[in-house]
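Everything on this sheet refers to the single structure shown next.
In UniProt numbering, the protein residues as written are 1 to 265.
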């Protein structure tokens with residue numbers, strides 16, 4: 001082991017106690033301190049964004065919050081979970097207005113081809129339409145308009161496309177729904193190469209989509225759909241490799257999960 005590496009290891013071991021390790025080997029200067037959360041927050045994009053996700057119902061001041069993490073090409077998200085989440089949203093808007101916020105987060109999975117680009121396209125029209133949550137859900141609903149065949153159609157189409165071609169396809173598909181969004185602005189959002197992070201990039205759809213994924217990983221999300229209630233992870237049912245929660249009816253969610261928290265039963 002080289003001495004400088006040994007010193008790094010020693011400094012990591014004693015960092016918590018505040019002891020400083022100084023190199024006396026070959027006249028080298030003191031090693032720089034290991035970064036702490038307070039020193040790197042500003043340089044990590046997802047930690048600089050104060051609000052994550054898109055509010056389906058309720059508002060950010062609601063005393064209870066259900067977080068719902070999805071992949072736009074996940075069949076269980078689109079076919080099983082989404083109709084139930086919509087039912088829950090409508091139910092609690094009527095029966096418990098203001099008591100529950102349902103917030104949706106994008107978590108594009110690495111193994112669903114084209115998922116990140118599609119997620120970015122949804123975020124791009126959201127951004128270019130004035131950052132309105134309703135725009136996000138309009139775009140998502142369009143992607144999910146005919147699941148699972150619509151999802152398969154996207155993936156089959158993307159299979160032989162370059163990234164710029166995918167952007168053109170998504171522009172053709174989404175922009176007729178959003179006449180205020182110019183094609184030029186949309187394609188610029190989709191195709192700009194963000195090789196160096198700048199503070200202004202936080203509002204670019206690329207970084208917004210990327211930071212959403214990073215935020216999800218800090219919550220322990222690794223698949224979709226994933227649910228949290230008041231920041232508490234809702235575990236899956238059984239041992240299947242497929243989501244069982246996604247297929248539970250809204251009545252089950254009301255009785256087993258949401259009502260006890262919302263009404264403090």
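Every residue gets a Cβ at the ideal spot worked out from N, C-alpha and C, and that includes glycine.
The model shown is predicted, which means the values in this text are computed figures rather than measured ones.
Check                                                                                                 : Outcome
C-beta atoms of residue 74 and residue 106 nearer than 8 angstroms                                    : no
DSSP state of residue 59 mapped onto helix, strand, coil                                              : coil
Backbone CA spacing between residue 246 and residue 70 [nearest angstrom]                             : 11 angstroms
Spatially closest choice to residue 249 from 61, 63, 91 and 72, by CA coordinates                     : 91
Per-residue burial, residue 102 [other beta carbons within 10 Å of its own, 16 or more giving buried] : buried
6 angstroms CB neighbourhood of residue 185 in its chain, flanking five on each side removed          : 128
Residue 104 and residue 68 closer than 8 angstroms at C-beta                                          : yes
Runs of beta strand (DSSP E) wholly within the stretch 82-121 (minimum 3 residues, chain order)       : 100-106
Residue 141 beta carbon less than 8 angstroms from that of residue 93                                 : no
First and last residue of the uninterrupted alpha helix (DSSP H) at residue 136                       : 133-143
Start-to-end residues for the alpha helix (DSSP H) that takes in residue 209                          : 205-218
Whole-angstrom distance between residue 119 and residue 258, CA atom to CA atom                       : 28 angstroms
Which listed residue (116, 238, 233 and 161) has its alpha carbon closest to that of residue 207      : 116
Residue interval of the alpha helix (DSSP H) (run including residue 160)                              : No alpha helix (DSSP H) holds residue 160; DSSP gives it neither H nor E.
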